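Everything below concerns the one structure shown next.
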Amino acid sequence: MSDILTVLDVEKISFSKAMRGYNTEEVEEFLEKVAGSLQIYSEKIKTLEVQLSRFDEQVREYTELKQSLQEALVLAQKSAEERVSSAESKAEVIIAEAEAQAHKIVIGAKDRVDAHKRDIERLRQIRYQFVAEFKGLLAKFGSMLKSLEAPADESENEKEREDCR
Numbered sequence: 011m012s013d014i015l016t017v018l019d020v021e022k023i024s025f026s027k028a029m030r031g032y033n034t035e036e037v038e039e040f041l042e043k044v045a046g047s048l049q050i051y052s053e054k055i056k057t058l059e060v061q062l063s064r065f066d067e068q069v070r071e072y073t074e075l076k077q078s079l080q081e082a083l084v085l086a087q088k089s090a091e092e093r094v095s096s097a098e099s100k101a102e103v104i105i106a107e108a109e110a111q112a113h114k115i116v117i118g119a120k121d122r123v124d125a126h127k128r129d130i131e132r133l134r135q136i137r138y139q140f141v142a143e144f145k146g147l148l149a150k151f152g153s154m155l156k157s158l159e160a161p162a163d164e165s166e167n168e169k170e171r172e173d174c175r
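Heads up: the sequence shown is residues 11 to 175, going by our numbering.
In structure tokens:
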């Protein structure tokens with residue numbers, strides 16, 4: 011007989027009869043109660059072992075799920091960091107391009123302003139030259155008119171002289 015009793019061990023046990031021994035009916039009744047209790051405990055143990063097995067499986071599944079979630083979280087964080095880094099890099103490129111374009115626009119505007127200033131100065135010089143030439147022409151025309159008036163005065167004087175005669 012092993013150290014752990016089973017329901018069958020209790021049910022099949024028999025004691026030798028001795029004189030002044032225990033009441034057989036009471037012993038058998040007690041053994042039946044013990045066997046019934048052992049049966050109940052045995053069934054409870056089997057039920058608990060099944061539950062334990064299910065719980066162990068759930069723990070294993072939850073552990074796997076936890077590990078999967080941790081891996082997914084790490085991947086998500088890494089992906090987010092890569093996207094942020096990529097966005098920052100793109101932003102730096104866009105800013106650099108915008109600054110370069112703005113610089114070109116400013117330089118172009120300054121060049122146009124300088125060109126307009128040169129045009130204005132050239133037009134002032136042309137105006138000054140035109141005014142000077144026009145004054146010269148007016149002076150020439152004035153002298154020409156005076157020279158034309160002088161002979162006309164002489165012709166009138168001659169005409170008057172002829173009329174008087």
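Beta carbons are placed, not taken as given, at the ideal position from N, Cα and C, and that holds for glycine. Because the structure is a prediction, the values reported are computed rather than measured.
Check, Outcome
"Can you check which of these residues, 41, 31, 73, is closest to residue 15 by C-alpha distance?", "41"
"Which residues in the same chain as residue 28 place their Cβ atom closer than 6 angstroms to its Cβ, once the five residues preceding and following it in sequence are excluded?", "none"
"My output table needs one value for residue 29: the three-state DSSP class, helix, strand or coil.", "coil"
"List the whole-angstrom C-beta distance separating residue 17 from residue 45, where the pair is believed to meet the contact cut-off of C-beta under 8 angstroms.", "5 angstroms"
"Report the start-end ranges of each beta strand (DSSP E) in the region 53-141 that is 3 residues or longer and not cut off at the edges.", "none"
"What separation, rounded to the nearest whole angstrom, lies between the Cα atoms of residue 74 and residue 66?", "12 angstroms"
"Since residue 69 and residue 48 are thought to touch, with beta carbons under 8 angstroms apart, how far apart are those beta carbons, to the nearest angstrom?", "Contact doesn't hold; Cβ gap of about 30 angstroms is too wide."
"Taking just the CA atoms, how far does residue 113 sit from residue 125?", "18 angstroms"
"CA-CA distance, residue 53 and residue 62?", "14 angstroms"
"If you follow the alpha helix (DSSP H) that residue 18 is part of, which residue opens it and which one closes it?", "17-22"
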